[in-house]
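Q: A single structure is presented below for examination.
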Amino acid sequence: MRQLRVSDSSVVWDDLEGMPVASLPPDFKMPNFEKYTGIGCPRIHLQLYSTLMRAHGLEEPHLVTLFPLSLSGVAQRWFASLESSRRRTWDDLAQEFLRQFAFNTVVDVSRRELEALRQRSEESISSFISR
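This is the structure in structure tokens:
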């Protein structure tokens, strides 16, 4: 569990071992944007979150530390259950997030690809649809 404390006029989160995880300037305010609930494209959420936070001058450790504040509902419960070893870096966290919510990723398929798509002779209808 992380602990919030104020140090040298900046906000600092400590992890269980008391090691600083992220330090924010005292005037930092979390930007207001739509939280990810588990519905919608996870890639778009990651891009929006990363772009917005970096525009506010935050770096990778901040992105990891503040990411759960961009989630709600099912997505926030998923994050709470995620082992800390799987979210040590922004890349690790982003990959885990995409893996968990990949079923919501928008897939671009052309009309021609759909017209050419055929069910194989021994393929079940559910396998065909999910392909």
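Numbering-wise (the working numbering), the sequence shown opens with residue 35 and increments by one. Glycine included, every Cβ here is placed at the ideal spot set by N, Cα and C. Because the structure is a prediction, the values reported are computed rather than measured.
#1: Roughly how far, in whole angstroms, is the beta-carbon of Thr-71 from the beta-carbon of Val-98, given that I think they are within contact range, below 8 Å?
#2: Can you tell me whether Gln-81 is helix, strand or coil according to DSSP?
#3: Can you list, in chain order, the residues of its chain with a C-beta nearer than 6 Å to that of Gln-129? Leave out the 5 residues immediately preceding and following it.
#4: Exposed or buried, Ala-109, counting other C-beta atoms within 10 Å across all chains shown (16 or more means buried)?
#5: Leu-50 by DSSP, collapsed to three states: which one?
#6: Given a cut-off of 8 Å on the beta-carbon distance, is the pair Ser-104 and Lys-69 in contact?
A: In short, the structure shows the following:
#1: Contact flag wrong, Cβ pair sits at about 20 Å.
#2: helix
#3: none
#4: buried
#5: For Leu-50, the predicted structure reports a pLDDT of 46, less than 50, and the residue's modelled location is therefore unreliable. The matter cannot be settled from this model.
#6: yes
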